[in-house]
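Novice: Take the sequence shown: its letters are residues 322 to 488, numbered as in the numbering used here. Don't be surprised by glycine CBs; every beta carbon is placed ideally from N, CA and C. These numbers were taken from a predicted model, which means no experiment stands behind them. Have a look at this one before I ask anything.
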Amino acid sequence: MIRGLVIREAESKDHLAIAKLVEAAFGRPAEARLVEKLREDGDMVLELVATNAGELVGHIAFSRLDIAVEPDHFDALALAPMAVAPDRQGSGVGKSLLENAHHMLEERGERLCVVLGDPAYYGRFGYTHDRASKFESDYQGPALQALAWGEAPQKGRLTHPGAFSEL
Ligand SMILES: CC(C)(COP(=O)(O)OP(=O)(O)OC[C@H]1O[C@@H](n2cnc3c(N)ncnc32)[C@H](O)[C@@H]1OP(=O)(O)O)[C@@H](O)C(=O)NCCC(=O)NCCS
């Protein structure tokens with residue numbers, strides 16, 4: 322754990338600072354808009370922030386992703402976006418956010434999370450393309466990775482929250 326770093330659930334008073342942080346990390350506004358749209362649409366499941374001396378230095382979001390496994394549906398998660406303040410990147414903030422989030426999600430009974438991102442980064446936290454390779458998805462490809470903590474489908478049609486289609 323990094324000294325002075327606090328990981329907690331995001332509150333509405335954080336929303337403006339989160340938008341600024343996410344935009345700064347990605348260098349464009351699209352991902353900050355994604356966060357807002359996920360909230361508006363009621364698709365957000367968990368948002369954590371990392372603060373240091375009261376300053377927001379990181380943010381991570383998990384939203385509801387549907388897996389259609391005929392005739393049923395499975396409630397999985399999509400991890401996106403994840404952002405660390407540019408001057409704090411590479412110091413373990415992202416790792417703390419991810420590890421805390423995984424722990425909380427597992428405690429809440431969540432079982433599977435999907436991410437679209439750099440395998441060199443997410444692979445460090447257990448995400449693999451192999452676990453996601455049999456899913457049908459508009460985003461199928463090497464960047465589509467999954468991590469399961471419990472029993473969860475291996476196959477099925479993934480439907481990301483609608484906000485992703487606006488990215
Ligand atoms: C990607 C991001 C969230 C990672 O957060 P971070 O706080 O910089 O990452 P951490 O310091 O926790 O890194 C954890 C480990 O991964 C490594 N790492 C960091 N970025 C990496 C990358 N792109 N590829 C591979 N490894 C990476 C770190 O060296 C560290 O390794 P260590 O544990 O051996 O020291 C952050 O860099 C960021 O906000 N980037 C811009 C926005 C973005 O691209 N978000 C992700 C979109 S999918």
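1. What separation, rounded to the nearest whole angstrom, lies between the Cα atoms of residue 446 and residue 414?
2. Tell me residue 365's beta-bridge partners as DSSP assigns them.
3. For the alpha helix (DSSP H) that contains residue 415, what are its first and last residues?
4. So is the beta-carbon of residue 482 under 8 Å away from any non-hydrogen atom of ligand 1?
5. When DSSP labels each residue in this structure, what does residue 338 get in the three-state scheme?
6. What does DSSP give as the partner residue(s) for residue 379 in the beta ladder?
7. CB-CB under 6 Å to residue 455, same chain, minus the five flanking residues each way: which ones, in chain order?
8. What's the call for residue 463, buried or exposed, on a 16-neighbour Cβ count within 10 Å?
9. Below 6 Å CB to CB, which residues in the same chain sit around residue 419 once its five sequence neighbours on both sides are set aside?
10. Consider the C-beta atom of residue 409 and the heavy atoms of ligand 1; say whether any pair is separated by less than 8 Å.
11. From 338, 465, 459, pick the residue whose C-alpha is nearest to that of residue 400; which is it?
12. Answer yes or no: do residue 381 and residue 365 have a C-beta to C-beta separation smaller than 9 Å?
13. Chain B beta carbons: is any one of them nearer than 9 Å to that of residue 368?
14. If contact is defined by three or more beta carbon pairs under 8 Å, each pair taking one atom from either stretch, is the region 366-380 in contact with the region 331-339?
15. Helix, strand or coil for residue 484, going by three-state DSSP, please let me know.
Specialist: Answer, in terms of the structure:
1. 14 Å
2. 384
3. 414-428
4. no
5. helix
6. 371, 405
7. 475, 476
8. exposed
9. 446
10. yes
11. 465
12. no
13. Of the chains in the structure shown, none is chain B; there is only one protein chain.
14. yes
15. helix
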